[in-house]
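Below: one structure, written as structure tokens.
In the numbering used here, the protein residues as written are 41 to 433.
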């Protein structure tokens with residue numbers, strides 16, 4: 041018997057708090073997306089139609105994604121696959137289902153998918169932030185166990201029932217709640233006002249969300265895994281999706297090719313490798329520590345090379361570019377210095393800071409390619425005009 045009662049998951053009339061939070065996120069997302077849809081000239085009921093397709097397809101996609109990587113939990117009772125009240129929804133599967141719904145709506149309404157994705161992009165992180173509290177109520181999406189008494193406090197940690205006792209675990213659901221709020225604020229106040237091309241708002245949502253998820257996923261204790269228990273599928277997907285956005289930013293400048301456009305892509309690849317090395321090092325292969333340390337210096341060198349080549353290309357000293365890159369360069373150097381002599385230490389937290397610095401570098405690479413290095417003739421956003429809705433007979 042637990043030392044104290046579990047949190048009651050049911051709010052009223054058999055309806056769970058998790059379901060209420062999901063509905064709340066959908067409602068808030070609907071109003072945000074509707075206001076954006078008007079701005080981009082989409083038909084009035086586009087978002088409502090997207091919800092009618094997106095809710096069922098999103099839930100199905102999220103559940104199938106989760107069940108696929110946890111099939112052993114359901115192999116003896118297939119009916120339990122339909123019991124989503126106990127949790128078990130994966131956001132990446134939900135996004136896949138949502139993209140399929142968006143494709144269907146765009147074809148039926150004869151509208152650009154890029155505009156629709158940009159309209160819904162700000163609502164995604166705020167809805168996810170709300171939903172993360174459902175993870176707490178369901179006692180899921182928590183992190184590694186915290187043994188140090190000085191760290192046993194919220195919001196760093198949260199108590200989770202295991203067996204007959206409560207234990208302090210890293211509050212990874214809360215970390216992601218905070219990161220989702222940051223992503224929402226950045227998209228709402230910065231990215232929306234500086235949309236270079238159609239679809240960029242959604243691309244930035246993917247880049248920012250995945251950059252944070254790649255770090256936080258490594259701290260979770262209930263990740264979806266394959267091959268071995270410490271190869272986390274969601275962490276791999278996050279890294280690949282973030283890199284895909286960087287490559288998209290790079291490819292659209294192919295007609296204005298320059299070496300300076302390649303460096304952010306190379307830096308992003310190196311940064312994601314650094315995250316992967318840290319994950320293997322933290323979980324099983326501590327002898328990778330020197331290689332991970334060397335990766336920090338390589339990232340510093342890549343940033344320095346970017347500054348030098350860009351200043352040479354533009355023909356003058358770019359103080360703004362230096363201000364953008366310098367803080368993370370100092371962060372990387374400080375981490376390297378702090379790591380000297382730690383090869384045989386417990387580096388669980390230290391690895392996480394290395395991964396944060398690496399994914400910061402990926403975000404900076406995205407900014408440089410999308411904005412700072414981007415030629416002005418690649419800004420193709422035109423004044424929004426209301427489109428006539430095509431009626432299919």
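Every residue, glycine too, gets a C-beta built ideally from N, C-alpha and C. Predicted model only: the values in this text are computed from it and were never measured.
- Where does residue 512 sit, in a helix, a strand or coil, going by DSSP? Past the boundaries of the shown model lies residue 512; the chain is included only from 41 to 433, so the question cannot be answered.
- Message: What does DSSP give as the partner residue(s) for residue 265 in the beta ladder?
- Response: Among the bridge pairs identified by DSSP, residue 265 is matched with 272.
- With DSSP collapsed to three states, give me the class of residue 83. Looking at residue 83 - three-state DSSP - the assignment turns out to be coil, as it is neither helix nor strand.
- Message: Suppose the cutoff is 8 Å on Cβ atoms and the five residues either side in sequence are ignored; what does the same chain contact list for residue 290 look like?
- Response: When the five nearest sequence neighbours on each side are left out, the beta carbons in the same chain lying within less than 8 Å of the beta carbon of residue 290 are those of 301, 302, 304, 305 and 409, in order along the chain.
- Query: Skipping 5 residues on each side, what residues in its chain have a beta carbon closer than 6 Å to that of residue 98?
  - Reply: Contacts found: 134, 137 and 138.
- Query: In chain order, what residues of the same chain lie with their CB nearer than 8 Å to the CB of residue 259, ignoring the 5 residues before and after it?
  - Reply: Hits under 8 Å: 183, 184, 210, 212, 215 and 392.
- Task: Determine, using beta carbons only, whether residue 170 and residue 65 come nearer to each other than 9 Å.
- Result: It is a contact, given that the beta carbons lie within the stated cut-off.
- Could you name the residues of the same chain whose beta carbon sits closer than 7 Å to that of residue 328, not counting the 5 residues immediately before and after it, in chain order? Contacts found: 317, 320 and 321.
- Would you call residue 84 buried or exposed, if buried means 16 or more other Cβ atoms sit within 10 Å of its Cβ? Exposed is the call here.
- For the alpha helix (DSSP H) that residue 209 lies in, which residues bound it at each end? Taken as a continuous stretch (DSSP letters only), residue 209 belongs to no alpha helix (DSSP H), being part of the beta strand (DSSP E) at 205-210.
- Other residues of its chain near residue 429: CB distance less than 6 Å, five sequence neighbours each side excluded: Any reading at residue 429 needs caution, since the residue's pLDDT is 40, under 50, leaving its predicted position unreliable; the model's value is listed next. In its chain, beyond the 5 residues on either side, 83 have a beta carbon closer than 6 Å to the beta carbon of residue 429.
- Message: For a test of the three-state rule: what should DSSP assign to residue 376, helix, strand or coil?
- Response: Assignment of residue 376 by DSSP, reduced to helix, strand and coil, places it in the helix class.
- Closest to residue 251 by CA distance: which of 228, 230 and 276 is it? When each option's Cα is compared against that of residue 251, the closest is 276.
- Item | Boundaries (first-last residue) of the alpha helix (DSSP H) holding residue 301 | Note, residue 301: alpha helix (DSSP H), 299-323.
- Give a single yes or no on whether residue 53 has its beta carbon closer than 8 Å to a heavy atom of the ligand COA. Ligands displayed in this structure: none; no statement on the ligand COA is therefore possible.
- Message: With the cut-off set at 9 Å, would you say residue 256 and residue 265 are in Cβ contact?
- Response: The answer is no: Cβ separation not under 9 Å.
- Measure the alpha-carbon distance for residue 81 versus residue 401 and round it to whole angstroms. Distance between the alpha carbons of residue 81 and residue 401 is about 35 Å.
- Query: For residue 183, which three-state DSSP category applies?
  - Reply: Looking at residue 183 - three-state DSSP - the assignment turns out to be strand.
- Query: Is residue 220 closer than 9 Å to residue 166 when the C-beta atoms are compared?
  - Reply: Yes.
- Query: CB-CB under 7 Å to residue 61, same chain, minus the five flanking residues each way: which ones, in chain order?
  - Reply: So the list reads 170, 171, 173 and 174, once near-sequence residues are dropped.
- Message: If distances are taken between C-alpha atoms only, which option among 130, 243 and 385 comes closest to residue 110?
- Response: Looking at 130, 243 and 385, the one whose alpha-carbon comes closest to that of residue 110 is 130.
- Between the region 335-345 and the region 356-375, do three or more beta carbon pairs fall short of 8 Å? Taking a cut-off of 8 Å on C-beta distances, the region 335-345 touches the region 356-375, as three or more cross pairs fall below it.
- Find out if the Cβ-Cβ distance for the pair residue 278, residue 249 is shorter than 9 Å. In this structure, residue 249 lies closer than 9 Å to residue 278 by Cβ.
- Message: Would residue 399 and residue 315 qualify as a contact pair, given that the criterion is a beta-carbon distance under 9 Å?
- Response: Between residue 399 and residue 315, the C-beta gap is smaller than 9 Å, which places the two residues in contact.
- Three-way DSSP call (helix, strand, coil) for residue 282 in this model: If DSSP states are grouped into helix, strand and coil, residue 282 belongs with the helices.
- Task: Find the nearest neighbour of residue 9 within the set 247, 368, 225 and 263, judged by alpha-carbon distance.
- Result: Nothing about residue 9 can be reported from this structure: the residues present for the chain run from 41 to 433 only.
- Task: May I ask you to list the residues that DSSP assigns as paired with residue 52?
- Result: 55, per the DSSP bridge assignment.
- Query: In or out: residue 105 buried (at least 16 other Cβ within 10 Å) or exposed?
  - Reply: Flag for residue 105 reads buried.
- Item | Cβ neighbours of residue 177 in the same chain (closer than 7 Å, five flanking residues each side left out) | Excluding five sequence positions before and after residue 177, the CB atoms of its chain that fall closer than 7 Å to its own CB belong to 47, 49, 57 and 58, given in chain order.
- Given residue 243 as reference, the closest of 395, 225, 270 and 287 once Cα atoms are compared: The candidate whose alpha carbon is nearest that of residue 243 is 287.
- Query: What whole-angstrom Cβ distance do residue 44 and residue 208 have, given they're in contact under 8 Å?
  - Reply: Going by Cβ atoms, the distance from residue 44 to residue 208 rounds to 14 Å, so no, they are not a contact pair.
- Item | Assumed close pair residue 87, residue 74 - CB separation to whole angstroms, cut-off 8 Å | That belief holds up - the Cβ atoms of residue 87 and residue 74 are roughly 5 Å apart, short of 8 Å.
- Cα-Cα separation between residue 383 and residue 270, rounded to whole angstroms: Their backbone Cα atoms lie some 20 Å apart in a straight line.
- Which residues bound the beta strand (DSSP E) around residue 200? First-last of the beta strand (DSSP E) with residue 200: 197-202.
- Message: Could you tell me the alpha carbon to alpha carbon distance between residue 424 and residue 158, rounded to whole angstroms?
- Response: Since pLDDT at residue 424 reaches only 47, below the 50 mark, its modelled position is unreliable, and no value is offered.
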